[in-house]
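Residue numbers (the numbering used here), protein chains in the order written: chain A, 1 to 303; chain B, 1001 to 1303.
Backbone N, C-alpha and C fix where the C-beta goes; we use that ideal spot for every residue, glycine too.
Encoded as structure tokens, the structure appears first; notes follow it.
Protein chains: 2
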Amino acid sequence: MGIGDDAACWHSDASIQLATSDALIQDVHFTLNTTTWRELGWKALAANLSDIAAMGGLPQYALVSLGLPGDTEVESITELYQGMVELTHLFDVAIVGGDVVAAPIVVLSLALVGTAQTGHIMTRSAAAPGERIVVTGFLGASGAGLVMLQSGLEFDKETATSLREAHLKPNPRVVEGQTLARHGVRAAIDLSDGLVSDLVQLCKASGVGARLFVDQIPVHPLVYHSFGDDATNLALSGGEDYELLFTASTEVISQVRESMPCPITVIGEIVEEEPGRMRLFDKHGNEATLEKKGWEHFAPRKR
Amino acid sequence: MGIGDDAACWHSDASIQLATSDALIQDVHFTLNTTTWRELGWKALAANLSDIAAMGGLPQYALVSLGLPGDTEVESITELYQGMVELTHLFDVAIVGGDVVAAPIVVLSLALVGTAQTGHIMTRSAAAPGERIVVTGFLGASGAGLVMLQSGLEFDKETATSLREAHLKPNPRVVEGQTLARHGVRAAIDLSDGLVSDLVQLCKASGVGARLFVDQIPVHPLVYHSFGDDATNLALSGGEDYELLFTASTEVISQVRESMPCPITVIGEIVEEEPGRMRLFDKHGNEATLEKKGWEHFAPRKR
């Protein structure tokens, strides 16, 4: 049914339902100084889509709760919705409800509902020792974009545009998540807080440890190009890349690789260890330490 | 599955899914000067439950997004959740996810998912000429409670407690909504903005008009007792009573009456008219006008 009733309402044939929600607060999660309304709308929905993607689900219906100051231009609200609608078209999602209320700052709270097939759900708690750790795409560009926007660093136009888009218009791996789940991948998480932080979360939930091979991490080429020595730290801790991290056997990985619409890279392995313990190794096989400076500096802003 | 994954996840046998969301902003929708954290939690969830109730649905899963200032006491957050948990126990709802983020003011955004049986959904758009207009329970006590809290009016302890509870701990008509839907009622709305405002909404959505018999409105006895001449205005426009307003034939109403766990009262009838046009009649059958003073004074704070 269309919008206008007390609740949104739809028929569903699937037996598994998924739901996620996220709130973005002005000057905590974004600033309108560097973010356009359209980008804000895109990013807010992308973050929720990524949560459904990490479970291997099919996103379907979004509820949008907006808190807006009284002096917000109608045009701004239109742009905000356009940013969301661009993404809903890409993934065939319908905005089915929500509300708009007065607020002293901009508050954007989204809830997203989806479905999945029985037996084809990925969770954080299913990683098993012996499995390889794999990521989709390239890492670090979102964190690099944030640093660029916050510090006013200047790059050539193409680099600047790409880093900005990586941070403000991330592409949630919805199709990829469903592909993984269909091929029997059972453990996954999306990279919102940062590779290290999210991998530790997955390991804790699964009661396992991890070895991470730092030189195998697919750092985004533009991040190497523009941030040099800091590039690896941005890939490890920058956050908000919204790539998927998953674990699987080598057999499953080679089957998955054929079907994935994006590159995937093995970056480590799951081991029997103190839950959540992660050890990094350099290209010589020596244990590396996570540079505290990088980690703190680029620490995720959201918990 | 339990909390801890990227999205909440559950099995569902029902074919109709319902979802609603609501955001409450500090000093717009509530003030912590007069509202306890526990009451805030209760009321936020009650408002969402009432939306599902208005559709005749069974509420099942809630997502709670909290924005909190850094100096919020842990105890306050515990109380907030206790307020919600009290209600989840009453209605067998599970809080399955959400997030907590930093914010300069308290922001409470809830999404609630539920189910309904095919063919047993109530909407705002199904009211038909000839049907009677009916409300559950008694009206005006929530608005009276708000006026009392805002103006510092003093009443005897029992009255003060009842009016406060009516405003801050409303009882969503979940069981009643399902009973109505099961008995064939097709048009309903919950009274959140106020009787007049919500009835006009229902009439607009249904393309009909309404006649309201003011002397038949079940004004809450305590509101008569404590607000005298203003009582009827509070019942007409006070808002946030979270009773259900529905329309049905006299036959359906008499069948429903037997099964309802609360009183129901016929207060008017649906007529063929300019959509949304509502006329009020006094006990002598003369057309009455809505006192602008009362209407404006007690206008709903939320749109």
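Inset, instruction - Would you kindly work out how many angstroms separate the C-alpha atoms of Ala8 (chain A) and Gly194 (chain A), rounded to a whole number? - result: 34 angstroms
Legend entry - Element boundaries [beta strand (DSSP E), containing Gly67 (chain A)]: Gly67 (chain A) -> beta strand (DSSP E) spans 58-68.
Inset, instruction - For Lys283 (chain A), count neighbouring C-beta atoms within 10 Å of its own C-beta (all shown protein chains included) and say buried if the count is 16 or more, exposed if not. - result: exposed
Inset, instruction - Please name the residue in B:His1183, B:Gly1209, B:Glu1073 whose C-alpha comes closest to that of Met1278 (chain B). - result: B:Gly1209
Legend entry - Option in A:Val64, A:Gly119, A:Ser259 with minimal Cα separation from Leu1110 (chain B): A:Val64
Legend entry - Residues that DSSP places opposite Phe281 (chain A) in a beta bridge: The secondary-structure analysis by DSSP pairs Phe281 (chain A) across a beta bridge with A:Phe213, A:Glu287.
Inset, instruction - For Gln1150 (chain B), name the three-state secondary structure that DSSP assigns. - result: Helix.
Legend entry - Residues near Ala102 (chain A) by beta carbon distance below 8 angstroms, same chain, minus five either side: Only residues of its own chain outside the window of five on either side were considered, and among them Gly67, Leu68, Pro69, Gly70 have a CB closer than 8 angstroms to the CB of Ala102 (chain A), listed in chain order.
Inset, instruction - Starting from the Cα of Leu18 (chain A), find the closest Cα among B:Gly1056, B:Asn1033, B:Gly1098 and give me that residue. - result: That would be B:Gly1098, whose Cα lies nearest to the Cα of Leu18 (chain A).
Legend entry - Residues of its chain near Lys293 (chain A), where Cβ-Cβ distance is below 6 angstroms and the 5 sequence neighbours each way are ignored: Caution is warranted here: a pLDDT of 42 is assigned to Lys293 (chain A), below 50, making its placement in the model unreliable, and the coordinate value is therefore given only provisionally. Taken in chain order, the list of residues that qualify is empty.
Legend entry - For Leu1087 (chain B), the nearest candidate out of B:Ser1050, B:Thr1118, B:Ile1133 (CA to CA): B:Ser1050
Legend entry - Cβ shell of His1297 (chain B) (< 6 angstroms), same chain only, five flanking positions each side left out: For His1297 (chain B), the predicted model reports a pLDDT of 34, less than 50, meaning its position is unreliable; a value from the coordinates is still stated below. None.
Inset, instruction - Quick one: which unbroken beta strand (DSSP E) runs of 3-plus residues sit fully inside the region 1209-1264 of chain B? Chain order, please. - result: 1209-1213, 1244-1248
Legend entry - Same chain, Cβ closer than 7 angstroms to Thr1035 (chain B), five either side skipped, listed in chain order: In the same chain as Thr1035 (chain B), and ignoring 5 residues on each side of it, the C-beta atoms closer than 7 angstroms to its own belong to Leu1168, in chain order.
Legend entry - Boundaries of the alpha helix (DSSP H) in which Ile105 (chain A) is found, first to last residue: First-last for Ile105 (chain A): undefined, no H or E at that position.
Legend entry - Separation of Thr1136 (chain B) from Ile1267 (chain B), as counted between CA atoms: 10 angstroms
Inset, instruction - Could you tell me which chain B residues have their CB closer than 9 angstroms to the CB of Ile52 (chain A), listed as they occur along the chain? - result: Asp1006, Ala1007
Inset, instruction - Determine, using beta-carbon pairs with one atom in the region 115-135 of chain A and one in the region 1019-1038 of chain B, whether at least three such pairs fall under 8 angstroms. - result: Counting Cβ pairs under 8 angstroms, fewer than three are found: no touch.
Legend entry - Contact with chain B by Leu63 (chain A), beta-carbon distance below 8 angstroms: yes
Inset, instruction - Rank A:Leu222, A:Ser206, A:Leu236 by C-alpha distance to the C-alpha of Ser197 (chain A) and give the top, closest one. - result: Ranking A:Leu222, A:Ser206, A:Leu236 by CA distance to the CA of Ser197 (chain A) puts A:Leu236 first.
Legend entry - the region 135-154 of chain A touching the region 162-177 of chain A, judged by at least three CB pairs closer than 8 angstroms: yes
Legend entry - Closest by C-alpha distance to Thr1072 (chain B), when choosing among B:Ile1105, B:Ala1054, B:Asp1241: B:Ile1105
Inset, instruction - Could you check which residue in A:Arg211, A:Ile95, A:Val223 has the C-alpha nearest to that of Phe138 (chain A)? - result: A:Val223
Legend entry - Simplified DSSP state of Arg182 (chain A), which is helix, strand or coil: helix
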